[in-house]
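Enquirer: The sequence shown runs 161 to 465 under this note's numbering.
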Amino acid sequence: MDLRRLEVFVKVAELRSFSRAADALFLTQPTVSEHIRGLEDDLGVPLFDRLGRGATPTPAGELLLGYARRVLALTREARQAIEQFQGRLTGELVVGGSTIPGEYVLPALIGQFKAKYPEISISLRVGDSRQVCEWLEQGAVEIGVVGAPPGSRALAARELMADAMVVVVPADHPWASRGTVTLADLRDEPLVLRERGSGSREALERAIAQAGLGLSAFRIAGEMGSTQAVKQAVRAGIGIAVVSRRAVEDECRARLLVCVKVADLPVSRSFHLVTHRERTRSPLAQAFLEFLESQAADLASQRTA
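Printed below as a string of structure tokens:
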């Protein structure tokens with residue numbers, strides 16, 4: 161079974177498109193079709209249902225996908241092991257991050273790590289905590305950093321660093337000059353939430369549950385699919401929100417938003433470093449994992465203004 165054909169097959173399956181896979185792999189579409197046709201001939205089964213411009217894996221294709229990902233991962237691991245044996249660290253690594261670590265923590269760390277090992281390539285996929293854990297189970301990423309502990313027994317997690325959560329309000333909000341409010345105050349204001357599956361939302365729900373309340377006790381103004389959307393909603397006057405302090409550093413410094421403490425509702429959570437229990441990590445993934453852990457103390461000490 162040809163490795164290049166497997167690589168093309170996985171890309172088509174992930175993108176659900178021959179043309180998008182061709183663009184991603186810098187191939188022509190006829191070349192992609194030829195690779196898939198050759199693989200189907202080798203195996204004696206159709207691997208995709210070609211519907212219009214889309215391509216959906218058949219049951220046989222779905223079965224092959226898991227094996228193909230493992231074969232390609234082992235191939236990368238073998239190559240990296242030999243390179244590491246020769247004193248070099250090269251190869252490709254895909255890391256997953258939930259919104260806050262993915263947008264505000266990991267990019268700088270990836271830059272530092274890449275400066276140390278310039279021959280490597282690291283890709284960062286950003287989703288909510290639930291999505292990142294799904295990617296880890298699927299083998300789409302090797303390492304995840306998320307804002308909520310995974311629920312799957314297939315995944316191993318360890319705390320990486322703490323993350324403080326704050327209430328943010330528009331600069332012209334009456335609370336902007338108060339600095340501190342109470343839980344009762346919070347219940348009277350329209351509240352903008354992240355979507356279900358977000359670590360930020362889970363942290364808020366845990367905190368109010370400890371206070372004996374549920375979200376039904378609050379005036380929910382709406383749900384947003386990203387922290388950036390939440391911040392824009394607050395600036396637009398839709399409501400207030402509880403977000404990671406890291407996510408509003410620039411806005412608070414520019415006085416576009418104001419951070420407010422809730423005296424009787426401490427909200428905090430930890431970022432978790434997550435890997436798959438049963439998958440062997442590549443040398444590059446292991447090196448990056450150790451780098452992240454070595455940076456944990458410095459990360460924990462970073463604070464916003």
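Beta carbons: idealized from backbone N, C-alpha and C, even for Gly.
#1: Just to confirm the assignment: which complete alpha helix (DSSP H) runs, minimum length 4, are found wholly within the region 334–406?
#2: What would DSSP say about P426, mapped onto helix, strand or coil?
#3: Helix, strand or coil: how does DSSP classify T440 here?
#4: Quick one, which of R354, S179, D288 and A275 has its alpha-carbon nearest G212's?
#5: Do P426 and R379 have their C-beta atoms within less than 8 Å of each other?
#6: In whole angstroms, what separates the C-alpha of L433 from that of G357?
#7: So, helix, strand or coil for A447, using DSSP?
#8: From what residue to what residue does the beta strand (DSSP E) around G251 run?
#9: What do you get for T342, buried or exposed, if any count of 16 or more other CB atoms within 10 angstroms of its CB means buried?
#10: In terms of alpha-carbon separation, which member of Y277, E263 and E297 lies closest to R285?
#11: Could you pull out every residue in the same chain whose Cβ sits closer than 7 Å to the Cβ of E365, ignoring the five residues on either side in sequence?
#12: How would you label A369, buried or exposed, when you count the other beta carbons within 10 angstroms and need 16 or more for buried?
#13: Hey, quick one: how far does the beta strand (DSSP E) through E263 stretch, first residue to last?
#14: Note down the Cα distance separating C419 from V328, rounded to an integer number of angstroms.
#15: Hey, how far is the Cα of R437 from the Cα of A314?
#16: Here's a check: name, in chain order, each residue in its chain whose Cβ is nearer than 6 Å to the Cβ of I270, leaving out the five neighbours to either side.
#17: Determine, using beta carbons only, whether V170 and L232 come nearer to each other than 8 Å.
#18: Leaving out the 5 sequence neighbours to the left and right, which residues in its chain are closer than 7 Å to R347 when beta-carbon positions are compared?
#19: Is M384 buried or exposed, if buried means 16 or more other CB atoms sit within 10 Å of its CB?
#20: Check whether the Cβ atoms of L353 and F431 sit closer than 8 Å, and answer yes or no.
#21: Please classify G221 as buried or exposed, where buried requires at least 16 other C-beta atoms within 10 Å of its C-beta.
#22: Thinking C-alpha only, which one of G399, L296 and E297 is nearest D483?
#23: Buried or exposed: where does A238 fall if 16 or more other Cβ atoms within 10 Å of its Cβ makes it buried?
#24: Quick check: what's the CA-CA separation for T188 versus R406?
Expert: So, from the listed chains and residues:
#1: 343–347, 359–370 and 387–395
#2: coil
#3: coil
#4: S179
#5: no
#6: 17 Å
#7: helix
#8: G251 to S258
#9: exposed
#10: E263
#11: L375
#12: exposed
#13: Careful: E263 lies outside any beta strand (DSSP E) and carries neither H nor E.
#14: 5 Å
#15: 6 Å
#16: I282
#17: yes
#18: A377 and F378
#19: buried
#20: no
#21: buried
#22: In the structure as shown, the chain begins at 161 and stops at 465. Residue 483 is therefore absent and cannot be evaluated.
#23: exposed
#24: 43 Å
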